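Using full-length UniProt numbering, the first residue of the sequence shown is number 2, and each one after it goes up by one. For every residue, glycine included, the Cβ atom is placed at its ideal position computed from N, Cα and C. Computed from a predicted model, the values in this text were never measured in an experiment.
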Amino acid sequence: ALPHVAWIGLGVMGSPMAENLIRAGYPVTGYTLEAHKLDRLAARGGTPAASVREAVQRADVVVTMLPADAQVTAVAHGTDGTGGVLEHARPRTLFIDMSTVAPATATALAKAAAPHGVRVLDAPVSGGEAGAVEGTLSVMAGGDRADFEEALPLFRALGTTVVHCGPHGAGQTVKAANQLMVAAHLQACAEAVVFLRAAGVDLDAALDVLGGGLAASAVLARKRDNFVRRHHPPGFRVDLHHKDLGIVTAAARETGVVLPLGGLLATLMAAARAQGDGGLDHSALLRGVERLSGV
Ligand code: NAD
């Protein structure tokens, strides 16, 4: 029989990912803060739980897909003395955090889990909401190889590119690099679109030809419609990408590496939030370019 999965965090990414596991035959118990997301899970064949404790107590595998470091730490350790995953999971449980958090948070979690006999993997993903829905995510994992191999069938139900990157934290380090690259592509596309529009060329024709040359990117393909329509529903929120650029700039500082673009992109993301765009999709970097340009 397939392992029983407790899934915590049923947001933009977590909901479709948990549903892909259900479709693949996994028994899934879910917990998240919004009641309508639990109703949706139940309608798709999952079992809603009323707490972290209820979700994890019979699970073989616990997956978290939460916004940021603070929520992952709170769910792992519990808040207000309620106990978290580490306290309530059975020994030998495999705890897979698929959220994007700092590499240091991943290594601290693995260390805290060891005395409980809980095994931990960091396994953040790339591919966005579409990748989560289609089951075509890239999964970048850190932790013991044997644990990774045990989780491989589950990862294959969620993604098409699944790679063990190294020890605890390595998955998050690779994801930090991913977020730097994605932000750079987004900003480049946003600047090109504002420039092309102001120059009065046919934007669709321009993007067709750009998408066939060296300027082509997954970011352009996936976000083209958002840029052209100036429409930015989340998606991947600016707030979350801002968090990720904080992670990559802090991690780079620890290794002594200088990231000129990383610093600039973090500033542009911070400006987007300050202008009230934090809840929009990260393609809303376009609006920042427009504001700087007065168009
Ligand atoms: P989201 O805000 O849509 O979903 C987060 C979910 O966590 C919500 O359903 C919320 O109820 C739940 N949650 C928060 N605190 C909780 C708690 N204490 N207990 C239980 N549930 C709690 O976020 P998302 O877009 O799904 O992103 C999740 C993670 O995946 C983030 O780390 C993000 O950086 C990363 N990520 C997002 C995308 C994307 O395109 N959206 C792509 C790749 C990676």
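Cβ pair K176, T101 closer than 8 Å: yes
Beta-carbon proximity of L181 to V258, cut-off 8 Å: no
Sub-8 Å separation of L246 and A184 beta-carbons: yes
beta-carbon P17 near the ligand NAD non-hydrogen atom, thresh 7 Å: no
Coarse secondary structure for M99, derived from DSSP in three states: coil
7 Å CB neighbourhood of S139 in its chain, flanking five on each side removed: V126, S127, G128, G160, T162
Identified DSSP bridge partners for H165: A142
Whole alpha helix (DSSP H) elements within the region 17-83, 4-residue minimum: 36-44, 53-57, 70-78
Distance, Y32 Cα to A158 Cα: 20 Å
Nearest-angstrom Cβ-Cβ length linking T65 and V57, presumed shorter than 8 Å: No, T65 and V57 are not in contact; Cβ-Cβ is about 10 Å, not under 8 Å.
8 Å contact criterion, which G213 and R238 should meet: CB distance rounded: No, G213 and R238 are not in contact; Cβ-Cβ is about 30 Å, not under 8 Å.
Three or more C-beta pairs below 8 Å linking the region 145-159 and the region 11-25: yes
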